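Same order as they appear, the protein sequences are chains A and B. When the letters of the first sequence are read in order and numbered with this note's numbering, they come out as residues 4 to 427. When the letters of the second sequence are read in order and numbered with this note's numbering, they come out as residues 4 to 427.
Protein chains: 2
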Amino acid sequence: MKIWIRNGYVISMDEKKEIITQEDIVIENDIILFIGKNYKGSYDKIIDAKDRYVLPGLINCHTHLGMSIFKGTNDNYPLDKWLKEYIWPIEDQLTDEDMYDTTLLSIIEMIKTGTTCFNDMYYNWKGSMKAFSETGIRGVYGRCLIGEKEEWDKREKDFEELYQSNKNDLIKLSIGIHSLYTTNIDSLIKGEHLATKYHLPIHIHLSENKEEVKTIKNRYQMEPIQVLEKYGLLKHKMVIAHGTFLSKKEINLIKGKDISICTNPISNLNLGCGISDISSYRKEGINVCLGTDGVGSGNTLNLFYHMSMVDNLQKGIYQDPTIMSSYEVLKMATINGAKALGLENFIGSLEVGKNADIIILDIDEIDKCTTTNPIIQIVHNGWNNYVDTTIVNGKIVMEKKELKMNIDIHKLQNKMKEIQERLK
Amino acid sequence: MKIWIRNGYVISMDEKKEIITQEDIVIENDIILFIGKNYKGSYDKIIDAKDRYVLPGLINCHTHLGMSIFKGTNDNYPLDKWLKEYIWPIEDQLTDEDMYDTTLLSIIEMIKTGTTCFNDMYYNWKGSMKAFSETGIRGVYGRCLIGEKEEWDKREKDFEELYQSNKNDLIKLSIGIHSLYTTNIDSLIKGEHLATKYHLPIHIHLSENKEEVKTIKNRYQMEPIQVLEKYGLLKHKMVIAHGTFLSKKEINLIKGKDISICTNPISNLNLGCGISDISSYRKEGINVCLGTDGVGSGNTLNLFYHMSMVDNLQKGIYQDPTIMSSYEVLKMATINGAKALGLENFIGSLEVGKNADIIILDIDEIDKCTTTNPIIQIVHNGWNNYVDTTIVNGKIVMEKKELKMNIDIHKLQNKMKEIQERLK
């Protein structure tokens with residue numbers, strides 16, 4: 004199958020090129036075969052991209068896809084109380100089938116809003132893995148490892164079952180260690196051993212709010228990153244979710260290592276965690292990528308919404324509009340995300356030979372009246388339903404805003420209502 | 004004309020009622036005639052609102068509608084530099100006809116996103132007033148008064164021409180004093196006299212960023228609000244746009260007076276002004292309402308987007324998710340806005356006898372799967388194209404997402420391009 008995306012404005016995120024070029028892109032099966040002017044070869048399908056913008060699919064580097072059912076539930080809860088009193092009791096009762104439905108809903112939301120790759124950490128992987136396979140989405144999945152002793156061991160065993168059974172080429176696995184505050188040192192060491200044994204990256208929540216940092220300091224007389232260092236975790240490839248309050252000392256410890264920080268600006272605000280000073284991390288050369296967190300706190304999986312805010316927030320807290328730029332933010336949601344997940348040779352930019360994870364944006368008719376700088380417009384207004392076409396690994400999963408998969412939204416609405424009724 | 008809005012979930016913002024009720028609303032001409040169960044009377048048109056949410060139209064208390072042409076133009080400019088080097092030189096060249104087109108575009112964006120009333124401050128009122136009349140939108144308009152001596156006097160004369168000519172019942176006027184930093188004391192006194200002479204409220208930019216506060220303190224050895232007090236401005240009804248950095252002393256000076264603060268959270272971030280501590284103002288009983296500012300800095304006139312952020316930002320800076328709630332934010336964008344504009348007896352809540360400014364929301368099919376708390380969902384995800392129907396003063400201006408006005412968007416796109424080409 005050869006798809007010719009004709010004559011779009013290509014924002015390739017390829018640093019060797021101009022930021023915006025007007026070119027053709029040709030996909031053969033799952034691979035980008037050609038990018039250039041005036042394609043003359045054969046094709047099976049043509050997509051006219053005139054006056055539209057062609058970008059790499061967005062990458063959401065921290066989320067919990069099974070949490071779609073918790074969207075719009077948190078208004079006034081602090082993180083700790085929200086998790087303990089609201090989320091965890093309900094999560095415990097979600098079945099594999101529930102997880103299939105909630106994950107499916109999240110995948111639809113991602114595809115509609117231009118995200119083609121995720122970094123998920125959650126439970127009940129059977130339901131999630133089924134949804135991943137059926138929809139053909141790309142991602143990294145970490146079965147959440149949490150707790151101590153038997154509790155941890157049970158989950159570790161469950162992870163191993165997942166490892167043995169995963170045959171989906173588009174889904175890589177990670178070692179999803181929930182956090183320092185929900186495990187002990189024994190568990191942490193076990194997590195590190197797992198990462199070594201399976202040669203997998205680590206995905207961990209860390210320093211999400213000041214209370215958590217205080218807890219860890221009190222417990223270990225060390226800063227959170229120092230704990231990771233002491234037990235050998237920093238030698239692994241890692242995505243640190245949040246890292247909202249890392250000290251200079253901590254940044255120095257991860258500097259130069261294969262460790263990325265995934266900031267989740269909306270969730271951090273909504274849960275009263277605060278605003279992460281990612282500009283200082285970026286100055287030190289740390290790879291900073293972008294996540295939505297679960298929709299219970301992050302409101303939406305629409306990464307455009309999070310892009311606009313991460314830019315605005317840095318400008319706001321520094322009281323300096325030059326501290327960030329829209330293009331830097333777009334990098335966070337594309338190529339930086341790919342690097343964080345070890346997928347930079349495959350996705351994150353549009354280059355010949357890479358996998359075809361591509362989105363085509365059609366700027367809203369109102370915004371089109373005034374688009375002078377497409378990068379600013381896309382980063383700050385792209386949440387406004389710009390995504391027209393989504394392609395994952397060469398497969399068109401949405402075209403002209405129509406999902407190309409056999410999903411009955413009304414059936415899904417009823418199923419979600421049934422879950423909510425059952426668990427409330 | 005009698006319109007029956009049948010069986011919707013009504014979020015009336017009427018403090019005497021439950022937050023959400025399932026009721027009928029009947030409009031007769033421009034007035035809400037009936038709110039209650041099982042309407043049995045006559046009607047000319049019926050709108051089925053089953054499973055949809057019926058709210059008062061949103062009120063944008065600080066904007067510059069003629070600035071639509073500047074959407075997506077500011078990425079890295081500080082406020083001062085942006086205004087002086089980019090905005091003002093172009094603004095100066097906009098003709099009345101240009102202003103008609105740019106204002107029209109803003110009105111379309113407002114109607115599509117559920118805003119039925121605005122508080123505008125801008126130049127070239129002839130074009131704007133024409134767009135207001137043609138579309139039937141409601142609002143308050145302040146011809147921007149700026150500068151010193153002859154410059155001010157020329158604008159004051161222009162305001163008086165506007166005052167004499169305004170026959171539009173839906174458009175009230177204000178005395179739009181640009182700011183302390185762009186006028187001198189003589190001008191300020193003239194502005195105060197105008198407010199007295201015409202018995203009109205004042206609309207002023209104040210304390211938008213720290214640099215401005217410093218400038219005023221250096222110039223007058225007083226805080227900005229003290230300057231307003233000294234020259235008699237605080238005895239007038241007033242909307243202070245921004246008020247990002249008001250001291251306790253300043254808050255005490257406006258406390259108990261007919262003065263509202265209109266916060267513009269996105270613009271304040273985007274221009275590197277900072278985050279306003281509106282929670283402390285609210286604690287003192289100040290009426291705080293919500294604005295988008297012009298789209299050059301505020302990105303969008305979609306007030307839902309600004310609502311979600313003002314809530315999140317307060318939670319974030321206080322590191323306390325209980326400092327705000329979605330319902331309080333909804334008040335800011337409805338009834339608080341009406342109070343700020345002196346229109347609380349006419350709009351801002353759905354009550355019998357008030358004017359029929361009404362929006363009907365249809366929650367997105369994805370979000371509908373998981374709506375457990377409609378208020379949170381609407382405030383935090385309503386930006387996602389929820390607005391289905393918009394009614395201004397009893398007139399349906401959008402129904403089922405279709406504009407009910409004779410506007411050719413493609414023609415408007417071409418006109419905006421022509422303006423951009425001419426002025427660049």
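Every residue, glycine too, gets a C-beta built ideally from N, C-alpha and C. Keep in mind the model is a prediction, meaning the values are calculated, not measured.
When rounded, the separation of the alpha-carbon atoms in A/T185 and A/C64 is 21 Å. Between the alpha carbons of A/L209 and A/T247 lies a gap of roughly 8 Å.
Not flagged as an interface residue toward chain B: A/M310, since no C-beta distance is shorter than 8 Å. Scanning its chain for C-beta atoms nearer than 6 Å, with the 5 sequence neighbours on each side dropped, one finds around B/E253 the residues E226 and I228, in chain order. Under DSSP, B/Q25 takes part in a beta bridge, and its partners are B/Y12. Short of 7 Å from the beta carbon of B/Y125, and not among the five residues preceding or following it, lie these beta carbons of its own chain, in chain order: H67, L68, G69, S131 and C147. Three or more beta-carbon pairs separated by less than 8 Å are not found between the segment 94 to 101 of chain A and the segment 288 to 307 of chain A, which leaves the two stretches without contact. Unbroken alpha helix (DSSP H) stretches of 4 residues or longer found wholly inside the segment 277 to 303 of chain B: 281 to 286 and 298 to 301, given in chain order. Residue contact check for B/G11 against chain A: no CB pair falls below 8 Å.
Going by DSSP, B/M241 is part of the beta strand (DSSP E) stretching over M241 to H245.
Under a criterion of Cβ atoms nearer than 7 Å, the residues of chain B adjacent to A/G277 are, in order, G319 and Q322. When secondary structure is reduced to three states using DSSP, B/K398 falls in the strand class.
Within the model, the alpha-carbon separation for B/S329 versus A/I394 is close to 36 Å.
Fully enclosed beta strand (DSSP E) runs of no fewer than 3 residues occupy 118 to 125 and 141 to 148 of the segment 105 to 179 of chain A, in order along the chain. Shown here for B/E18: not one same chain residue has a beta carbon closer than 6 Å to its own, the five before and five after excluded.
Beta-carbon to beta-carbon, B/K258 and B/I219 are separated by about 20 Å, too far to satisfy the 8 Å threshold. Taking a beta-carbon distance threshold of 8 Å, A/L406 does not count as an interface residue toward chain B. Distances from the CA of A/L237 to each of A/Y223, A/L256, A/K342 and A/Q167 were compared; the closest alpha carbon is that of A/L256. Nearest CB-CB separation between B/L97 and chain A: not below the 8 Å threshold.
Taking C-beta atoms as the reference points, A/M113 and A/S352 fail to come closer than 8 Å. When the alpha-carbon of A/D123 is set against those of A/I350, A/F349, A/K217 and A/L344, the nearest one is in A/L344. Per DSSP, B/I34 is one residue of the beta strand (DSSP E) stretching across I34 to G39.
Within the segment 299 to 381 of chain A, the complete alpha helix (DSSP H) segments of 4 residues or longer fall at 306 to 321, 329 to 335, 338 to 343 and 368 to 371, listed in chain order. Contact holds between the segment 309 to 328 of chain A and the segment 264 to 284 of chain B, because three or more Cβ pairs, one in each stretch, are under 8 Å apart. Interface residue (Cβ-Cβ distance to chain B less than 8 Å): A/N409 is not classified as such. Identification of chain A residues near B/I379 by a Cβ-Cβ cut-off of 8 Å yields G75, T76, N77 and D78, ordered along the chain.
Under the DSSP definition of a beta bridge, A/L209 partners with A/H245. Counting along the chain, A/N63 sits inside the beta strand (DSSP E) bounded by residues L61 to T66. Beyond the five residues adjoining it in sequence on each side, B/H383 comes within less than 6 Å, by CB distance, of S311 in the same chain, given in chain order.
Closest option to B/W128, judged by alpha-carbon separation, among B/G150, B/R158 and B/T118: B/R158. For the 8 Å CB-CB criterion, A/T76 and A/I110 do not form a contact. Three or more Cβ pairs closer than 8 Å define a contact, and the segment 351 to 368 of chain B falls short of that threshold against the segment 79 to 88 of chain B.
Close to A/I111, with beta-carbon spacing below 7 Å, are these residues of chain B in chain order: I369. Listed along chain B, the residues sitting closer than 7 Å to A/H383 by beta-carbon distance are G75 and N302. Under the 8 Å criterion on CB atoms, B/P81 is classed as interfacial with respect to chain A. Residue burial annotation: A/P268 is buried, with at least 16 other C-beta atoms found within 10 angstroms of its C-beta.
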